[in-house]
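Data block below; observations after.
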Amino acid sequence: MLSEIPLLSLLLIVPLIGAVVTLLMGGGMAKHAGKAAGLFAAITMVLSLYLLFVDDLSTLDESHVWIDAVGLKINYALTVDGLSLLLILMTTILVTLVLVFCKNEADRPNYFHSLILMMEIGLVGVFMAADYFLFYVMWEVTLIPMFFLISWYGGPRRHYAAIKFFIYTHVASLVMLIGIFAMVFEASSVTGAGIDFAFEAVKAAPFAKDFQTVVFGLLFFGFIVKMPMVPFHTWLPDAHVEAPTGGSVLLAASMLKMGSYGIVRICLEALPLGAIEWQWVMIGLGLVSMVYGAYACIAQKDLKKLVAYSSVSHMGMVLLAIGTLSEIGILFAVVQMFAHGLISAALFMVAGAAGHNFGTRDIPLLGGLAGKFPLFAAFMMFSFMASLGLPGLVGFVAEFGILFSFWEFLAAQPDEWVTVLIAFGPLYMLLTAGYYLWAMQRTLFGAETKKVDLSKCEDLGGPETVALGLVCLLVAVFGIMPSLAVDFIAPYADTLGTFLGGLI
Amino acid sequence: MLDALTGLGVLEYVWLAPLIPLLCFVIAGFFGNRTPQGGGYIAIFGALAAFVVALLASYEYVMSDAYSAGEAFVRDLEWLVFGDYALNFGVYIDSLSCIMMLFASFISLLIFIYSVGYMDGEGKKKRRYYAEVSLFLTGMLGLVVSSNYLQMFIFWEIMGLCSYLLIGFWGFDHPEGDEATENAASAAKKAFLVTRLGDVCLLAGLFILLHMFGTLDYEGMFMQAKIDAVVAANPVKFPVAMALVFGGAIGKSAQFPLHDWLPDAMAGPTTVSALIHAATMVKGGVFLVARSFPLFVQSADVMLFVAIIGGVTAVFTATMALNNMNIKRVLAYSTLSQLGYMVLSLGAGGYLVAMGMETGNAELIGLGVLGYSAGVFHMVNHAFFKALLFLGSGSVIHSTGTEDMRLMGGLGKKMKITSITMLLGSLSIAGFPFFSGFWSKDLVLETALAPASHGLGAEHWFTLLFALGMITAFMTAFYMFRMWFLTFAGKPRERAVLSHGESPKSMTMPLVILSIFAVGSGLAIFANFLCHAAQSLEVGMRWIMDAGRVGINEHVYDGIAVVKHMFGNVWTYVAIALTLVGMAIAHAVYAKRKFEPEAFRIENKGRLYKLVANRYYAPEIYNQISWKLGAGVAKAVDLTDRKVVDGAVNGIANAIIGAGDAVSMSQTGYVRNYAGVVVLGVVVLAVVFVLAFALTGGI
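As they're listed, the protein sequences go chains H and L.
In terms of my numbering, the first sequence opens at residue 1 and continues consecutively.
In terms of my numbering, the second sequence opens at residue 505 and continues consecutively.
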């Protein structure tokens, strides 16, 4: 029977087998490692696509006691719902496309492709975990392959970047771990039951408001470093600049989402009263990150650094939306996570391709590329336009919904003057258009600078075109028919929004 | 036979009008180079098909019962549902949509045909050109048939994208060299960003409207009872929202102070200029105001603001056409000025309606409706004569290879068709009696004066606006004939000597067709055009359904009466006199005397001349603002990031790693760093645990 197959576990097991097999393909087999990894990633993707056709996702839940000793109960529990479904799909699809894009990675390909698959385990695991301990383990699992992707395959300052990445996110996850312990132990003490790490067990506990407020702070800190929000964001540009293209894509598309996913899944679900106390902090950090990140983009000269800062700006939108604590806000926060995942994947592929194909990503050195490299120019323009929120593409839907939810939030405030804060929305949109258009003007258009010898450079190759083409296709499809994504998320957002609305 | 046409039921398929050009965009984009003319015939087919659909659908709608009952034809599909809101995708057809669809598709068709000749030498780039112009047409047609504001905004932005792409058409390989290439790239960016400033205002306005109305469907919003309730509940937010919506129109229709992108947009091919100025893009903003009229008229203040912006734009931008020597720029400024007229007419008309509704004065409402119809009328007339003038100038540029009128002259003999058709276009835009511009401009001016002569408050404003309108009329006549005489009269100068004569048929044929319309479109006033235009206002305001034909007097419904009234008005003759004087001065200065190019070098001129020739330094002001608020802040942010934020991080890390060294006694690379990590982790862990325990009272 199909229903007896532990589908969610398979989403972890298949890439795990893939990672091991690929890793072992050293020596003469190494040149086939990419194909093997791609095969396993594709199987995972197909399995995850099956989730779309499951009527009741809760029937897929898996829960087994993992450790039950010294009064601690840790579970191997997996679940999928409207919050995580699209994030999982996005991850499995992008891992596959990344492997297509990076097909020709020449340096120790078996390690490279294996690391990408290990990342997939961690990412999908975080989005599926229904137990705090498992969640934390998966969270850390993503850290290690990314560390090695940067420090082995990265650019010239890779060691600095890798360590910075490691310290930042590691400190953040330690603080988060403390929050988790506090929550799990407190849950046991208020309910009188044993110590149980399962989401359900903690969620059932009626925490006091002060406790929620403190623990919210711990977890929130852990998550916003990952997102990342200003002022904890400086690890991201460094990590991106040094990371190989494949690592960058997964870092921006999926790994950053772990932070915002955590805020919704844990902070909002388990600590709603704390969330209400922290509401303005979330809104404020979101607004600051949106505008600060956008301004930082204007100043960048490295194409990849520009795109990295744009992630800070766009993830600020997610926190802003979550901060409204409303149904519409949560709904479009998830839409934005999904949209940013797809669009940032395209952006980093483009930025990576510039580095591979032209030997530099330095904007002042480039110029007039559109004449010689029409494919590259078309994809760059498409992804930039998508990222600046061009209507008809998925980014616009998310932006529209988020800024609208923000307006609803502002209009409901007793103080009328706060409504002027909506001006951050137009400012953000204008700055975003500004830095992208300026960057395009300097790279694609104008006369050639002649500072780089472009005569031997080639336009995008077959694998790159296929991967980028598919990502862009998804960006357009979900932009034209956003209900394809929104309808999956809506029931979850409705439940959580109503729950929070009842508490405010 | 006509009955058979209405039986086709094309109205139900009116969405094909934007969809067919969209398919042509895809087909031309992917396979254009495998077809003759790089996809040119695909684009022409798309425009033709869209025009046929528009024509049949319009005819069917006008013949339908819904038309006479003052109802729109509406079809909606659910697009996106969230919370308590549902956004739709659909069509909303009233007379305004029909008028817009018809002239947009018809003029685009002629421009596409003309392009076959004009763009013939562009080689493989034609594929991109024809794909993008098809998408442009999709944007415009989608905009005008949209059933709600969000959908309209989507097409609005698609048009913005297309204008960006087409203005930057030569943005990486301009035939005239690197400088022209850089200019094209910069102009494209400027057009997108300046209009984007308007767009984000519009979007903010839409958030407020969606929140207040609970919907963005025109049909659901345009209900007097609902509007009254919303206005009563939001006395401040509602006018603010409408002002923001108008901000979108300021950007798109290039009104002061966001006007300066349009002159730069000349960097694109001339056919693109024709498309932007006549059939699409800048007409979008005027359409937005006309479409939102039922909401705008709720606030007389906002309408006054609209009228002032329009009047100021009209005169301010006309001055820049007075001394420019670039044939396309003169036309660009004239577009700005004429758009000002349209906005002025809508603003003054809306003010009259607002005041009429407030005081219950039906005559005022009638005059306001006339103003609305006049604005729409001027938009249609302008579309024809401006398309004609741009394509004519394109023909001249094609033949002489320059845009500088100082190098032309005497082309009348070499290019008979071009010179005659452009003369007809110039007469139309100048408002020469019985040419198309004459009829609508006169109504616009009449509307501008009406609030003043009826003593409705703000008299001084409207008196001023009327005076500005009159001055603009004089200037228009002068600069248009200055252009015509410089180009076609006198002795041939440098480039005119080299001219290879008249352009090919594919270019002159559209000129001839357009000149017929440019001259004749004004006569639509006798075919009840004003009445047809006003129908969309009846639909939006629900005048027929709710309260009969409130106050709409014969001034609107009877074209003959309007014309009679026009010729009974002394100001009509004043305007005619001003036009003739303007033409006469242009003749005296630029045709009778021998033209001395040296006398027209900016360096030899006075301060005022330089100020105007430099566009009142608007480009510099734009640059200063964007550098100060954009790059300036960006530099500060970047510095903060590297020095303050990273400085703090590195400082803390070094301090801890230093402590780590002391503990581990290790000095080498990684181990040192890892030690730092571990120590840092432990410290944080300890601090937070203590804190957590203290605050929660222990576990």
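Ideal placement from N, C-alpha and C gives every residue a C-beta, glycine not left out.
List, from N- to C-terminal side, the alpha helix (DSSP H) runs of 4 residues or more that fit wholly inside the stretch 953–1005 of chain L. DSSP assignment within the stretch 953–1005 of chain L yields the following whole alpha helix (DSSP H) runs of 4 residues or more, N-terminal first: 963–992 and 998–1002.
Residues in the stretch 355–388 of chain H with C-beta within 7 Å of chain L's C-beta atoms, listed in sequence order? Listed in sequence order: G368, A370, G371 and M385.
With the cut-off set at 7 Å, would you say L:G815 and L:L848 are in Cβ contact? The criterion of a C-beta distance shorter than 7 Å is satisfied by L:G815 and L:L848.
Can you give me the C-alpha to C-alpha distance between H:L7 and H:G38, rounded to a whole angstrom? Distance between H:L7 and H:G38, taken at the CA atoms: about 20 Å.
Under the DSSP definition of a beta bridge, which residues are partnered with L:F586? Partner(s): L:Y589.
At the level of alpha carbons, what is the spacing between L:S899 and H:D453? Straight-line Cα distance between these residues: approximately 39 Å.
Taking C-beta to C-beta, are H:K103 and H:P463 nearer than 7 Å? H:P463 is positioned such that its CB atom lies closer than 7 Å to that of H:K103.
Please report whether the beta-carbon of L:A1179 lies at a distance below 7 Å from any beta-carbon of chain H. Interpretation of L:A1179 is limited by its pLDDT of 46, a score under 50 that renders its predicted location unreliable; the figure taken from the coordinates is listed afterwards. So, not an interface residue.
Any idea what DSSP makes of L:A1179, helix, strand or coil? In this prediction, L:A1179 has a pLDDT of 46, which is less than 50 and means its spatial position is unreliable; nothing more can be read from the coordinates.
Using the Cα positions of H:V420 and L:I712, report the straight-line distance between them to the nearest angstrom. Each residue's Cα considered, the two are about 12 Å apart.
Taking L:I671 as the reference, which of L:N687, L:E683 and L:F659 has the closest Cα? Check the Cα spacing between L:I671 and each of L:N687, L:E683 and L:F659: the tightest is with L:N687.
Out of L:A1152, L:S803 and L:Y596, which has the shortest C-alpha to C-alpha gap to L:I731? Comparing alpha-carbon positions, the option among L:A1152, L:S803 and L:Y596 lying closest to L:I731 turns out to be L:S803.
With a 10 Å radius around its C-beta and 16 neighbouring C-beta atoms as the bar for buried, classify L:I1020 as buried or exposed. Around the Cβ of L:I1020, a 10 Å sphere holds fewer than 16 other Cβ atoms; the residue is exposed.
Return the Cβ separation of L:I615 and L:T821 in integer angstroms, given the expectation that the two are a contact with Cβ distance under 8 Å. Actually they do not touch by this definition, with Cβ atoms about 23 Å apart.
Report yes or no: do the stretch 70–82 of chain H and the stretch 116–124 of chain H share at least 3 C-beta pairs separated by less than 8 Å? The answer is no - the stretch 116–124 of chain H does not touch the stretch 70–82 of chain H, with fewer than three Cβ pairs under 8 Å.
Would a C-beta distance cut-off of 7 Å place L:M1011 and L:G621 closer than the cut-off? Closer than 7 Å, so yes.
Excluding five sequence neighbours on each side, which residues of the same chain lie with their C-beta closer than 7 Å to the C-beta of H:A365? Checking the sequence shown, residue 365 of chain H turns out to be Leu, not Ala. Closer than 7 Å at Cβ, skipping near neighbours: T449, K451 and V452.
Exposure label - H:F147; buried when at least 16 CB within 10 Å: By the neighbour-count rule (16 or more Cβ atoms within 10 Å), H:F147 is buried.
Looking at chain L, which residues of the stretch 412–425 of chain H have a Cβ within less than 7 Å of any of its Cβ atoms? Per Cβ criterion, the list reads I422 and G425.
Check the DSSP bridge columns for L:A1152 and list the partner residues they point to. L:A1152 is bridged by DSSP to nothing; it lacks a bridge partner.
7 Å CB neighbourhood of H:I67 in its chain, flanking five on each side removed: Within its own chain, the residues whose Cβ lies closer than 7 Å to the Cβ of H:I67, once the five positions on either side in sequence are excluded, are I74, listed in chain order.
L:S609: buried (16+ other C-beta within 10 angstroms of its C-beta) or exposed? In summary, L:S609 is buried, with 16 or more beta-carbon neighbours lying within 10 Å of its beta-carbon over all protein chains present.
Touch test, the stretch 333–342 of chain H against the stretch 383–400 of chain H, Cβ-Cβ under 8 Å, three pairs minimum: Between the stretch 333–342 of chain H and the stretch 383–400 of chain H there are three or more inter-stretch CB-CB distances shorter than 8 Å, so the stretches are counted as touching.
May I ask you to report which of helix, strand or coil DSSP gives H:I163? The three-state secondary structure of H:I163, taken from DSSP, is helix.
Bridge partners of H:S63, per DSSP? DSSP lists H:A77 as partners of H:S63.
Count the C-beta pairs between the stretch 237–248 of chain H and the stretch 53–69 of chain H that are closer than 8 Å, then say yes if the count reaches three, no if not. No, because fewer than three Cβ pairs between the stretch 237–248 of chain H and the stretch 53–69 of chain H fall closer than 8 Å, the two stretches do not touch.
Under three-state DSSP, which class holds L:G914? The DSSP-derived three-state label of L:G914 is coil.
Cβ-based burial, L:K832 [other Cβ within 10 Å; buried from 16]: L:K832 should be labelled buried.
Taking only beta-carbon positions, decide if H:A353 is within less than 7 Å of chain B. The structure shown has no chain B; the protein chains it does contain are H and L.
Euclidean distance between Cα positions of L:D1050 and L:G543: With a pLDDT of 49 at L:D1050, under the threshold of 50, the predicted position of this residue should be treated as unreliable, though the coordinate-derived value follows. If I take the Cα positions, the gap works out to 50 Å.
Candidates L:L893, L:A1000 and L:Y563: which alpha carbon is nearest L:P1014's? The candidate whose alpha carbon is nearest that of L:P1014 is L:L893.
Could you list which residues in chain H have their beta carbon closer than 8 Å to that of L:D580, in chain order? When 8 Å is used as the limit between beta carbons, L:D580 is near no residue of chain H, the shortest such separation being about 14 Å.
Whose C-beta lies closer than 8 Å to the C-beta of H:L11 among residues of the same chain, with five residues either side of it excluded? Excluding sequence neighbours, H:L11 sits near T44, L47, S48, I88, T92, V124 and M128.
Against chain L: residues of the stretch 218–234 of chain H by CB proximity under 7 Å: Within the stretch 218–234 of chain H, the residues whose Cβ lies closer than 7 Å to any Cβ of chain L are, in chain order, L218, P231 and T234.
Out of H:V394, H:M385, H:L444 and H:G469, state which residue places its alpha-carbon closest to the alpha-carbon of H:A433. Nearest of H:V394, H:M385, H:L444 and H:G469 to H:A433, Cα basis: H:M385.
Proximity winner among L:L720, L:A729, L:Y1121 and L:V514, relative to L:M1045 (alpha-carbon distances): For L:M1045, the nearest C-alpha among the options comes from L:A729.
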